[in-house]
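Report on the following structure.
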Amino acid sequence: MASSNEKRLSKLQILVTDSELTNIDDWRFDNRADNRSSAVRELIALGLLYSERHAEDASEELVRLRTE
Amino acid sequence: MSIATRPPLGVLRQFSRAVFADRLIGDEMMRLTMARVDVDPRASSASVTDLMSIFLAGWRALARKAAASGGRPFTDSALLNALPTPPDDDRLVLLLVDVMGFSVAEAGRIVGIAAPAEALRRAREALVVHGAPRAVIVEDEPLIAADLRGILERMGVDVAGEARSADEAVRAARAALPAVILADYNLDGRATGIDAVLRIHQEHDCPVIFITGYPDRVLQGEEIEPDFVISKPYTPDNVRAAVVHCLDARRA
Numbered sequence: 009m010a011s012s013n014e015k016r017l018s019k020l021q022i023l024v025t026d027s028e029l030t031n032i033d034d035w036r037f038d039n040r041a042d043n044r045s046s047a048v049r050e051l052i053a054l055g056l057l058y059s060e061r062h063a064e065d066a067s068e069e070l071v072r073l074r075t076e
Numbered sequence: 003m004s005i006a007t008r009p010p011l012g013v014l015r016q017f018s019r020a021v022f023a024d025r026l027i028g029d030e031m032m033r034l035t036m037a038r039v040d041v042d043p044r045a046s047s048a049s050v051t052d053l054m055s056i057f058l059a060g061w062r063a064l065a066r067k068a069a070a071s072g073g074r075p076f077t078d079s080a081l082l083n084a085l086p087t088p089p090d091d092d093r094l095v096l097l098l099v100d101v102m103g104f105s106v107a108e109a110g111r112i113v114g115i116a117a118p119a120e121a122l123r124r125a126r127e128a129l130v131v132h133g134a135p136r137a138v139i140v141e142d143e144p145l146i147a148a149d150l151r152g153i154l155e156r157m158g159v160d161v162a163g164e165a166r167s168a169d170e171a172v173r174a175a176r177a178a179l180p181a182v183i184l185a186d187y188n189l190d191g192r193a194t195g196i197d198a199v200l201r202i203h204q205e206h207d208c209p210v211i212f213i214t215g216y217p218d219r220v221l222q223g224e225e226i227e228p229d230f231v232i233s234k235p236y237t238p239d240n241v242r243a244a245v246v247h248c249l250d251a252r253r254a
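Read top to bottom, the protein sequences are chains A and B.
Going by this note's numbering, 76 is the number at position 68 of the first sequence; the sequence numbering is gapless.
Going by this note's numbering, 128 is the number at position 126 of the second sequence; the sequence numbering is gapless.
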């Protein structure tokens, strides 16, 4: 993980479909995230943590995601 | 520069972005398609025409496959399902010839049709500008600016502003809220056209057609790059095809 006193920021642009955005927003409200951006950042943090702690399960899921 | 001597990946990237008039969507479509076809675009054996044929065939096959599958959220199929399908053959030939600079015969081979000249004629005749959309021209060379203005006005586009520097461009776009911007990529070595466009895009989203003598310098696959590029020297057909396609793509 990078240090917390970084000075540089990048704007990350990604494409999401309408239903994917709904999924993100549902998660945001269920988990009381401040806004969409913080919800996405938290989901990424959880995803990274999950693939570290449950590597086998995460890589199986990744294969499914990529082949569907 | 001839299209055959340009880096094939740069040509493909220019085309993919041009189809959608959008850098992000174009680059994603290129990634989705090229990851699924069995070709190494860096291999010297593949000519740019071959690569373009493979890309187009791959895109058509993917669009069919994605429509057939459900598209579970956050999969590539979901993304593909949400993206527009490829334009019709006539429009593809127009983009390949008038925007990209392929010959009519090459365009026919890429699209896979027998009479590409007919398709090009139909596509050119079908170019319609709806309403009187506003455009802003960002160009520091007065003769070129006047030439562009003439081409745009003859096709029914209202040139609502002209700018000769990045600062002027931001002011002109703020005042005119244009439907499309035509910009010289390098404004006299000072602030470049893309600096102006980045600032404009913070408050007003519209497609920008960059006109440059060095298309591959601005098509490296980086984040801060143009949506739509046409090469210098341009013809009126180049400008017409680019402007109408940009307006159509954003309306769709």
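For every residue, glycine included, the Cβ atom is placed at its ideal position computed from N, Cα and C.
Check                                                                                                                                              : Outcome
Against Pro75(B), what residues of chain A qualify as contacts under a CB-to-CB distance less than 8 Å, listed in chain order?                     : Thr25, Ser27, Glu28 and Asn31
Please look up how many angstroms separate the CB atoms of His203(B) and Ala23(B), rounded, as I've assumed it's under 8 Å.                        : In fact, because the Cβ distance is near 13 Å, the residues do not count as touching under 8 Å.
Please check if any C-beta of chain B sits within less than 8 Å of the C-beta of Glu68(A).                                                         : no
Ignore the nearest five residues each way along the sequence and tell me which others in Met32(B)'s own chain have a CB closer than 8 Å to its CB. : Leu14, Arg15, Ser18 and Phe57
Quick check on DSSP: helix, strand or coil for Phe212(B)?                                                                                          : strand
Less than 8 Å between the CB atoms is what I'm expecting for Gly103(B) and Ser233(B), so what's the real figure, rounded?                          : 6 Å
Can you round the beta-carbon distance between Val131(B) and Gly158(B) to whole angstroms, since I take them to be within the 8 Å contact cut?     : 4 Å
According to DSSP, simplified to helix, strand and coil, what is Phe76(B)?                                                                         : coil
Classify Ile52(A) as buried or exposed, calling it buried when 16 or more other Cβ atoms lie within 10 Å of its own Cβ.                            : exposed
Taking the continuous beta strand (DSSP E) assigned at Phe230(B), which residues delimit it?                                                       : Phe230 to Ser233
Tell whether a beta-carbon distance below 8 Å holds between Pro135(B) and Ala181(B).                                                               : yes
Put Asp142(B) into one of helix, strand or coil per three-state DSSP.                                                                              : coil
Just the chain B side, please: which residues come within less than 7 Å of Leu73(A) by C-beta, in chain order?                                     : Phe76 and Thr77
For Leu97(B), list the residues DSSP reports as bridge partners.                                                                                   : Answer is none; Leu97(B) lacks a bridge partner.
Give the interface partners of Ile27(B) over in chain A, defined as CB-CB distance under 7 Å, in chain order.                                      : Leu23
Do three or more CB pairs link the stretch 112-125 of chain B to the stretch 89-99 of chain B at distances below 8 Å?                              : yes
Please report the distance separating the alpha-carbon of Ala148(B) from that of Val241(B).                                                        : 13 Å
Report the residue from Glu170(B), Ile139(B), Gly28(B) and Arg8(B) whose alpha carbon sits nearest the alpha carbon of Phe230(B).                  : Gly28(B)
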